[in-house]
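Novice: Numbering (our numbering), first residue to last: 273 to 495.
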């Protein structure tokens with residue numbers, strides 16, 4: 273498999289940041305009241321991930337070791353500010369729905385984790401593809417969770433009614449507890465099916481096809 277395609281495949285499936293590594297759960301639980309919100313949050317995070325990985329990798333030999341983390345945060349914060357302003361100007365409704373979670377992308381552990389564990393050790397282009405993979409994996413997870421919550425809690429998908437008129441929406445699924453219900457059910461299914469996940473031992477046993485959740489010591493990040 274081409275190494276660039278492999279980075280995308282890893283991010284979407286083998287090392288999915290939400291379902292496998294269990295990272296970035298704060299925005300995952302907070303904004304997924306609908307599939308549309310999941311798309312907006314996921315794509316904005318993907319844009320920051322790709323640009324941050326590329327820039328951090330390009331500057332990895334310039335940033336002093338003692339200023340490594342502050343340098344990464346400055347790069348990420350600058351990119352998030354740009355995304356925040358663009359969303360406010362061009363997608364005001366989505367911007368209002370996502371609220372404070374757009375600026376909080378700065379401290380999203382997925383972005384800082386990939387910058388530290390991968391971009392600082394690899395060339396810019398492959399780091400950018402790693403960002404694409406992780407961003408798409410995060411987006412898929414948010415759409416999946418948001419779609420389930422929206423379907424059960426409102427009877428719609430992307431705002432389109434898909435349930436019969438007799439269906440009574442289970443409103444708790446679009447409230448805060450619903451996010452935990454959906455995530456716990458999906459995690460239980462992963463464990464039942466022995467899918468790679470940080471919540472079961474299968475990820476550690478399948479080092480070539482999964483992730484143990486320990487990003488810093490994972491040998492694949494140094495490949």
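Quick reminder that beta carbons are idealized off the backbone N, C-alpha and C, glycines included.
With DSSP as the reference, label residue 374 as helix, strand or coil.
Specialist: Coil.
Novice: Given a cut-off of 9 angstroms on the beta-carbon distance, is the pair residue 413 and residue 324 in contact?
Specialist: In this structure, residue 324 does not lie closer than 9 angstroms to residue 413 by Cβ.
Novice: Between the Cα of residue 402 and those of 329, 418, 424 and 443, spot the shortest distance and give me the residue it belongs to.
Specialist: Ranking 329, 418, 424 and 443 by Cα distance to residue 402 puts 329 first.
Novice: Could you tell me whether the Cβ atoms of residue 313 and residue 303 are closer together than 9 angstroms?
Specialist: Cβ distance < 9 angstroms, so residue 313 and residue 303 count as in contact.
Novice: Nearest-angstrom Cα distance between residue 352 and residue 375?
Specialist: Distance between the alpha carbons of residue 352 and residue 375 is about 6 angstroms.
Novice: Enumerate in chain order the residues of its own chain whose CB-to-CB distance from residue 396 is below 7 angstroms, with the five nearest sequence positions on each side excluded.
Specialist: Correct list, in chain order: 326, 329 and 330.
Novice: Per DSSP, which residues does residue 440 bridge with? Please list them.
Specialist: The partner list for residue 440 (beta bridge, DSSP) is empty, contrary to what the question assumes.
Novice: Taking residue 335 as the reference, give the member of 356, 392 and 462 with the closest Cα.
Specialist: Out of 356, 392 and 462, 392 has the C-alpha closest to the C-alpha of residue 335.
Novice: Output the distance between the C-alpha atoms of residue 423 and residue 290, rounded to the nearest integer angstrom.
Specialist: Each residue's Cα considered, the two are about 20 angstroms apart.
Novice: Over what stretch of residues does the alpha helix (DSSP H) that includes residue 504 continue unbroken?
Specialist: Because the chain spans 273 through 495 in this model, residue 504 falls outside it and cannot be assessed.
Novice: Which word fits residue 439, buried or exposed, when buried means at least 16 other C-beta atoms lie within 10 angstroms of its C-beta?
Specialist: Residue 439 comes out exposed.
Novice: Does the segment 459-467 come into contact with the segment 425-445, if we say contact requires no fewer than three beta-carbon pairs (one atom in each stretch) closer than 8 angstroms?
Specialist: Result no; under three Cβ-Cβ pairs closer than 8 angstroms.
Novice: What is the DSSP secondary structure of residue 335, reduced to helix, strand or coil?
Specialist: Residue 335: coil per DSSP, three-state reduction.
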